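Undergrad:
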């Protein structure tokens, strides 16, 4: 077994461990489709409880999907990271029943203990871009698999 | 009755109308405490279903509260506005059972049909800052009270 | 001549017209290397007057390069656009004498009159990422080639 | 002499030391008007070399002023900090000859070694808001007064 396989296995083990504790992701119906070092792909379907006062998907629901992809991508090496700063641009409205896919990728190791990740949220059907998310994370002490990170 | 009272009444009517349709805010247990022109104050308590894989409140839950305060503040004049871009900085973790208050205020009418709003999310108990959110909105056609905005 | 050639010619004409008026870009030694619809590639070399109190390139100089690439990319169709909101993440320090290249690309037509662009700033020598910039623009009245945009 | 006075003196000493090395701020004609712990107030006048292709102040010039206020505010305790991520919303165009004032304030100590600062850029004449800037900084090793920070 080579290092890439080991790193992929570790990323998947981190995703499984995080998801088991991640009641928010579970409650939203978010599924982890793929996890690799610095990368995660997740999906979520827009349900009735995610609709806002303009009758489209609440920005908070789309953010939650993107932020979860960010979390799984930046915690994929069994080093605990927390989100410092996130930005999201909404490019197209999502509607009831649509399945969204979030693809998160590391762009930079950043400065010191920090990193930068880009997450694109696409409508599954036609791959239209729904949102662009960028997150900056900060590595805290602790690991994903065995211990809790410091707050 | 003076103009300020009328503007406040309109802001409250917009908040009531939006909330009635806002299944996402209802589902999260978000309450609108106050709505005035360009201003909204909301609260939400962190429940089990908002906890993430690090055993703290999911960034998506905090964002959803802030984004909802943004929506109610920028739709308070019965002109439909949608969020274009939002940024959030997480400054302190929130935990199970904590009540959070989001205070949203207009900072600028912006350029043309756009506006800028700042939302602070505070822990109710000790007023510690949990997150700073800034949103840019875009005025679409339509009103809050009678018609649906264009997507 | 096909439409792509015409669109590329228009983008280049817009870049030439903007650069002739753009004393800021000229003063910083910024060069436009390439302009196409929704795309621009520029470079700039870090000079003594761009160094800050930490003896590295001032964030403002790097932002200026990225923001200029954003401006040329989003004004490449002869419709005047202004920047609404920009975010930049600094991923590696740039130093005196280094040549930086900024590559700007449209990611979305956005909502209504708005658009989203991503600009990557790289060190020319080794292609190391120096900064990631994302901008939201707003189309005002007016064209690039013949009239001034409304403020 | 009490602690507040000592902290203010330290902030001013840091500002003086940084400014002496800050050729970018000097070149732009930026002046430090006030420096206190977690706070800085600077000004700059829009000159010919800061004008862009739309005949208004280049976003990069306004960003540079705001980013400099951020730097002086977050380095005011003689602990070296570098900018990780900055966002700026442009709310009103600035024109040739206008004097701008940037007021930077700490909003949070942030998570671990990080902090969040808000900088408002105002036109001096009428106090109209020109831009809102928010920055996240990261504390590196080293001090402002005696050593160089790690890159």
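Chains as they are written, first to last, in the numbering used here: chain A, 6 to 156; chain B, 6 to 156; chain C, 6 to 156; chain D, 6 to 156. The beta-carbon is built from N, C-alpha and C at its ideal position, and this holds for glycine as well. Because the structure is a prediction, the values reported are computed rather than measured.
Measure the C-alpha to C-alpha separation of residue 65 (chain C) and residue 106 (chain A) and round it to an integer number of angstroms.
TA: The sequence position of residue 65 (chain C) within the third chain is 60, counting from 1. The sequence position of residue 106 (chain A) within the first chain is 101, counting from 1. The straight-line gap from Cα to Cα measures roughly 35 Å.
Undergrad: Among the candidates A:45, A:82, A:57, A:35, whose CA atom is the shortest distance from the CA of residue 11 (chain A)?
TA: By one-based count along the first chain, residue 11 (chain A) stands at place 6. Of A:45, A:82, A:57, A:35, the residue nearest in Cα terms is A:82.
Undergrad: Is there at least one Cβ from chain D nearer than 8 Å to residue 77 (chain A)'s Cβ?
TA: What you label residue 77 (chain A) is simply residue 72 of the first chain in a count that begins at 1. Chain D, which has no Cβ nearer than 8 Å to the Cβ of residue 77 (chain A), makes this no.
Undergrad: If contact means a Cβ-Cβ distance below 7 Å, which residues of the region 121 to 142 of chain D contact chain B?
TA: Hits within the stretch, in order: 121, 134, 137, 139, 141.
Undergrad: Within the chosen definition, does the region 52 to 71 of chain B reach the region 70 to 79 of chain A through at least 3 CB pairs nearer than 8 Å?
TA: Yes: the two stretches touch, three or more of their Cβ pairs being nearer than 8 Å.
Undergrad: According to the neighbour-count rule (16 or more other Cβ atoms, all chains shown, within 10 Å of its Cβ), is residue 21 (chain D) buried or exposed?
TA: Residue 21 (chain D) sits at position 16 when you count from the first residue of the fourth chain. Looking at its Cβ environment, which holds fewer than 16 other Cβ atoms inside 10 Å, residue 21 (chain D) is exposed.
Undergrad: Quick check on the DSSP output: the beta strand (DSSP E) that includes residue 67 (chain C) runs from which residue to which?
TA: Along the third chain, one-based indexing puts residue 67 (chain C) at 62. Taken as a continuous stretch (DSSP letters only), residue 67 (chain C) belongs to no beta strand (DSSP E), being part of the alpha helix (DSSP H) at 64 to 79.
Undergrad: Between the region 76 to 104 of chain A and chain C, which residues of the former have a C-beta closer than 9 Å to a C-beta of the latter?
TA: Cβ contacts with chain C come from 90, 92, 94, 95, 96, 97, 98.
Undergrad: Considering only the alpha carbon of each residue, which of D:48, D:40, D:44 lies closest to residue 31 (chain D)?
TA: Taking the fourth chain and counting its residues from 1, the one referred to as residue 31 (chain D) is at position 26. Checked all of D:48, D:40, D:44; the closest Cα to residue 31 (chain D) is D:48.
Undergrad: Given this structure, state the Cα-to-Cα distance separating residue 8 (chain A) from residue 17 (chain A), to the nearest angstrom.
TA: Position 3 of the first chain, counted from the first residue, corresponds to residue 8 (chain A). Position 12 of the first chain, counted from the first residue, corresponds to residue 17 (chain A). Between residue 8 (chain A) and residue 17 (chain A), the C-alpha separation is close to 14 Å.
Undergrad: Under a CB-based cut-off of 8 Å, is residue 112 (chain C) close to chain A?
TA: Position 107 of the third chain, counting from 1, holds the residue named residue 112 (chain C). Output row for residue 112 (chain C): interface = yes.
Undergrad: From which residue to which residue does the beta strand (DSSP E) around residue 134 (chain B) run?
TA: Here residue 134 (chain B) corresponds to residue number 129 of the second chain, with the count starting at 1. Segment 134 to 144, the beta strand (DSSP E) holding residue 134 (chain B).
Undergrad: Less than 7 Å between C-beta atoms, sequence neighbours within five positions excluded: which residues of the same chain meet that for residue 156 (chain A)?
TA: Looking up residue 156 (chain A) in the first chain gives position 151. Any answer about residue 156 (chain A) is weak, because its pLDDT of 49 lies below 50 and its placement is not dependable; what the coordinates show is given next. Result list for residue 156 (chain A): empty, nothing under 7 Å.
Undergrad: Our contact map puts residue 126 (chain A) next to residue 35 (chain A) with C-beta atoms below 8 Å; I'd like the distance itself, whole angstroms only.
TA: Position 121 of the first chain, counted from the start, is the residue given in the question as residue 126 (chain A). Position 30 of the first chain, counted from the start, is the residue given in the question as residue 35 (chain A). No, residue 126 (chain A) and residue 35 (chain A) are not in contact; Cβ-Cβ is about 12 Å, not under 8 Å.
Undergrad: Do residue 128 (chain C) and residue 54 (chain D) have their C-beta atoms closer together than 8 Å?
TA: As a working note, residue 128 (chain C) is residue 123 in the third chain. As a working note, residue 54 (chain D) is residue 49 in the fourth chain. Against a cut-off of 8 Å, the Cβ pair of residue 54 (chain D) and residue 128 (chain C) comes out as no contact.
Undergrad: What's the C-alpha gap between residue 42 (chain B) and residue 85 (chain A)?
TA: Counted from its first residue, the second chain places residue 42 (chain B) at position 37. Counted from its first residue, the first chain places residue 85 (chain A) at position 80. Rounded to the nearest angstrom, the two C-alpha atoms are 42 Å apart.
Undergrad: Tell me the DSSP secondary structure of residue 121 (chain B) in three-state form.
TA: Translated into the one-based positions of the second chain, residue 121 (chain B) becomes position 116. Three-state DSSP puts residue 121 (chain B) in a strand.
Undergrad: Residue 113 (chain C) and residue 92 (chain B) - do their beta-carbons sit closer together than 8 Å?
TA: The sequence position of residue 92 (chain B) within the second chain is 87, counting from 1. The sequence position of residue 113 (chain C) within the third chain is 108, counting from 1. No, Cβ-Cβ distance for residue 92 (chain B) and residue 113 (chain C) is not below 8 Å.
Undergrad: How is residue 111 (chain A) classed by DSSP in three states: helix, strand or coil?
TA: Counting from one through the first chain, the residue named residue 111 (chain A) turns up at place 106. Strand.
Undergrad: If I follow the unbroken alpha helix (DSSP H) through residue 9 (chain C), where does it start and stop?
TA: Sequence index remark: in the third chain, residue 9 (chain C) carries index 4 (1-based). Residues 8 to 26.
Undergrad: Where DSSP assigns a beta bridge to residue 47 (chain A), which residues make up the other side?
TA: Taking the first chain and counting its residues from 1, one reaches residue 47 (chain A) at position 42. Partner(s): A:37, A:107.
Undergrad: Assuming residue 143 (chain C) and residue 117 (chain B) are in contact, meaning their beta carbons sit under 8 Å apart, how far apart are those beta carbons, in whole angstroms?
TA: Along the third chain, read from residue 1 onward, the residue named residue 143 (chain C) stands at position 138. Along the second chain, read from residue 1 onward, the residue named residue 117 (chain B) stands at position 112. Residue 143 (chain C) to residue 117 (chain B), Cβ: 6 Å. Contact.
Undergrad: Closer than 8 Å, CB to CB, is residue 153 (chain B) near chain C or not?
TA: Residue numbering aside, residue 153 (chain B) sits at position 148 when the second chain is read from its first letter. In this prediction, residue 153 (chain B) scores a pLDDT of 48, lower than 50, which makes its location untrustworthy; no coordinate-derived value is stated.
Undergrad: List the residues that DSSP assigns as beta-bridge partners of residue 126 (chain D).
TA: Along the fourth chain, read from residue 1 onward, the residue named residue 126 (chain D) stands at position 121. The partner list for residue 126 (chain D) (beta bridge, DSSP) reads D:107, D:136.
Undergrad: Straight-line CA distance for residue 33 (chain C) to residue 19 (chain A)?
TA: Along the third chain, read from residue 1 onward, the residue named residue 33 (chain C) stands at position 28. Along the first chain, read from residue 1 onward, the residue named residue 19 (chain A) stands at position 14. Roughly 46 Å between the two C-alpha positions.
Undergrad: Distance cutoff 8 Å, beta carbons only. Does residue 69 (chain A) sit that close to anything in chain D?
TA: Mapped onto the first chain, residue 69 (chain A) falls at position 64. For residue 69 (chain A), the answer is no, since every Cβ of chain D falls outside 8 Å of its Cβ.
Undergrad: Terminal residues of the continuous beta strand (DSSP E) containing residue 89 (chain A)?
TA: Taking the first residue of the first chain as position 1, residue 89 (chain A) is located at position 84. Counting along the chain, the beta strand (DSSP E) containing residue 89 (chain A) begins and ends at 86 to 95.
Undergrad: Would you mind working out which of C:138, C:145, C:109 sits nearest residue 39 (chain C), comparing C-alpha positions?
TA: Numbered from its first residue, the third chain carries residue 39 (chain C) at position 34. Closest by alpha carbon: C:109.
Undergrad: Measuring alpha carbon to alpha carbon, tell me which of D:89, D:146, D:50, D:45 ends up nearest residue 99 (chain D).
TA: Along the fourth chain, read from residue 1 onward, the residue named residue 99 (chain D) stands at position 94. Here the closest residue by C-alpha is D:50.
Undergrad: Output needed for residue 80 (chain C): all residues of its chain with C-beta closer than 7 Å, excluding positions within five of it in sequence on either side, in chain order.
TA: Numbered from 1 along the third chain, position 75 holds the residue referred to as residue 80 (chain C). Hits under 7 Å: 19, 23, 86, 149.
Undergrad: Hey, residue 37 (chain D) and residue 25 (chain D): beta-carbon distance below 8 Å or not?
TA: Along the fourth chain, one-based indexing puts residue 37 (chain D) at 32. Along the fourth chain, one-based indexing puts residue 25 (chain D) at 20. In this structure, residue 25 (chain D) does not lie closer than 8 Å to residue 37 (chain D) by Cβ.
Undergrad: I want to see whether chain D comes within less than 8 Å of residue 66 (chain C), judged by CB atoms only; does it?
TA: Translated into positions along the third chain, residue 66 (chain C) becomes position 61. Judged by the 8 Å Cβ criterion, residue 66 (chain C) is in contact with chain D.
Undergrad: Check the Cβ of residue 217 (chain C) against every Cβ in chain B and list those closer than 8 Å, keeping chain order.
TA: In the structure as shown, chain C starts at 6 and stops at 156, and residue 217 (chain C) therefore has no counterpart that could be examined.
Undergrad: Return the residue from the list D:141, D:145, D:104, D:111 that minimises the CA-CA distance to residue 132 (chain D).
TA: For this step, residue 132 (chain D) is matched to residue 127 along the fourth chain. Selected option, being the one with the closest Cα: D:104.
Undergrad: Quick one: is residue 102 (chain B) buried, meaning 16 or more other Cβ sit within 10 Å of its Cβ, or exposed?
TA: The residue you call residue 102 (chain B) lines up with position 97 of the second chain. Exposed: under 16 other Cβ atoms inside 10 Å.
Undergrad: For residue 151 (chain C), collect the residues of the same chain with a Cβ closer than 7 Å to its Cβ; drop the 5 residues on either side in sequence, then sort them by chain order.
TA: Within the third chain, residue 151 (chain C) is the residue found at index 146, counting from 1. If we look at residue 151 (chain C) and ignore the five residues flanking it on each side, it has no Cβ neighbours.
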